[in-house]
Amino acid sequence: MPYVCDSAAAGYRRRVRALSGFGGQPNGPSPNVSVWTIPSRKAGPLVSAPPLRQNLRFDADGVEIYGYLALPESGTGPGVIVIQEWWGLTDQIAEVTDQFAAAGYVALAPDLYGGRTTHDSDDAARLASELPMGTAVRELVGAVDYLRGHEAVRGDAVGAVGFCMGGGFVLALAAEAGEKIAAAVPFYGVVSDDEVDFTNLRADVLGHYGELDENATPQRAEEIAARIRSESGAKVTIERYAAGHAFANEENHLGTYDPEATRLAWERTLAFLGERL
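This is how it looks when you write it as structure tokens:
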């Protein structure tokens, strides 16, 4: 699966570009939570053991998938799928999942790498290339079905938020899952024209993109938005920030973390989800 997240993987970027790196509800989740930062870890070796945050297993089309589930303090709330970056289901993604739970959501981060994580760009590129789009989407639909059937989840439709690689997967998931996804939020993620048919997409879409991002450009995001509107009639909003790629990752390898853009994107995301879930 093509994906771009880190400038250190320049050779991989030249080889593939299909996915480019993609951070209140009335009487429910509140937007008044701490500023979202999505901290990452420094580069390190590939880890094969399941992360400690893995706390559940669910079935996806006959395949057992692991994931991390975080519940709100109230015990119930709307459901949100949190889709990993190309590093895997790291502590970083688990912390983001926790932040959604703190905002009042039942949040589930599926483990698309089967317990493998890394903070090395070359390893991440290899792991991403070994994950076919169809496999990832099938597992994500399984996560959606699991979440919709969970006793803590209110409502029939759920939201999906993804970062870097996960941003492209958010769009593909929404296209595949149809009415099961009411709100889709890709952070600096795109898909290639031949990868996804948006005819079945029913979610409203809110995309966050950096004006200085040379990989997942706002221009490319607008092209995809036009396709979505044409093929499905769905509402798509593209928000632009004076920031680079991975701007919501506090310690990303690019040094592009932007706290103001992150704060604004987080506030917009919570408001967007709150109106639709």
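Residue numbers (the numbering used here): 198 to 474.
We put the CB at the ideal spot given by N, CA and C, even for glycine.
In the same chain as Leu309, and ignoring 5 residues on each side of it, the C-beta atoms closer than 7 Å to its own belong to Gln281, Leu328, Ala333 and Glu336, in chain order. In summary, Thr294 is buried, with 16 or more beta-carbon neighbours lying within 10 Å of its beta-carbon over all protein chains present.
Judged by their CB atoms, Thr434 and Leu403 are nearer to each other than the 8 Å cut-off. Judged by beta-carbon spacing, Val388 lies within the 8 Å limit of Ile421, meaning their Cβ atoms are closer than that value.
Secondary-structure assignment with DSSP links Gly264 through a beta bridge to Leu253 and Pro307. Looking from the CA of Tyr406, the closest CA among Val382, Asn397, Ala400 and Glu392 belongs to Val382. At the C-beta level, Gly312 and Pro269 stay beyond 8 Å of one another.
In the three-state scheme derived from DSSP, where H, G and I count as helix and E and B as strand, Phe444 is classed as coil. Straight through space, the alpha carbons of Ala418 and Gly441 are spaced by roughly 14 Å. Residue pairing for Thr332: DSSP places it in no beta bridge.
The three-state reading of DSSP puts Tyr343 in helix, counting H, G and I together.
Contact annotation: Thr273 and Ala349 have beta-carbon atoms nearer than 8 Å.
For the options Asp353, Trp463, Leu266 and Gly471, the alpha carbon positioned closest to that of Phe360 is the one of Trp463. A Cβ-Cβ distance of about 7 Å is found for the pair Leu370 and Val338, placing them in contact under the 8 Å criterion.
A buried status is given to Lys377, since no fewer than 16 other beta-carbon atoms sit within 10 Å of its beta-carbon.
For Leu370, the enclosing alpha helix (DSSP H) begins and ends at Met362 to Ala374. In this structure Ser427 is exposed. Its beta-carbon is surrounded by fewer than 16 other beta-carbon atoms within 10 angstroms. A direct Cα-Cα distance of roughly 21 Å separates Ala439 from Val358.
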